[in-house]
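Before any comments, here is the structure.
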Amino acid sequence: MSMSTRLQIVMSAAEVASLRQVARRAGLTVSEWARRALRAARDSQVGPSPASRLEALDRALRCGHPTGDIDEMLADIERGRDLH
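All residue numbers for the sequence shown refer to this note's numbering, where the first residue is 9 and numbers rise by one.
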């Protein structure tokens, strides 16, 4: 069983009242509403999972885009750099 840790956030009385209203409308306690909001914020910052990255790579590889010989492509890149 994992241990819980208390998180204290200093807010104005008006902010707390507003959060209480929002939580009440959602049928949640303020604590549960805050936990869900914090998890959602954290998850939005994490980025794609390794599985979703692999899925995106698989989709890209199935597209059948034309490619060239790697040595030829690298030479083209170098020639392009010489133009600047």
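Backbone N, C-alpha and C define an ideal beta-carbon position, used for all residues, glycine too.
What are the boundary residues of the alpha helix (DSSP H) that includes residue i?
{"i": "Ile78", "result": "Ile78 to Asp90"}
{"i": "Gln53", "result": "Val38 to Val54"}
{"i": "Arg61", "result": "Pro58 to Arg70"}
{"i": "Arg33", "result": "Ala21 to Ala34"}
I need the straight-line Cα distance from residue i to residue j, nearest angstrom please.
{"i": "Leu15", "j": "Arg43", "result": "10 Å"}
{"i": "Ser12", "j": "Arg47", "result": "15 Å"}
{"i": "Trp95", "j": "Ala22", "result": "In the structure as shown, the chain begins at 9 and stops at 92. Residue 95 is therefore absent and cannot be evaluated."}
{"i": "Leu91", "j": "Ala59", "result": "40 Å"}
{"i": "Met19", "j": "Ser26", "result": "11 Å"}
{"i": "Gly55", "j": "Arg87", "result": "35 Å"}
{"i": "Arg70", "j": "Glu80", "result": "23 Å"}
Assuming residue i contacts residue j (C-beta within less than 8 Å), just tell me the rounded distance between them.
{"i": "Trp38", "j": "Ala31", "result": "In the sequence under discussion, the amino acid at residue 38 is Val, which differs from the Trp named in the question. Sure, about 5 Å apart at Cβ, within 8 Å."}
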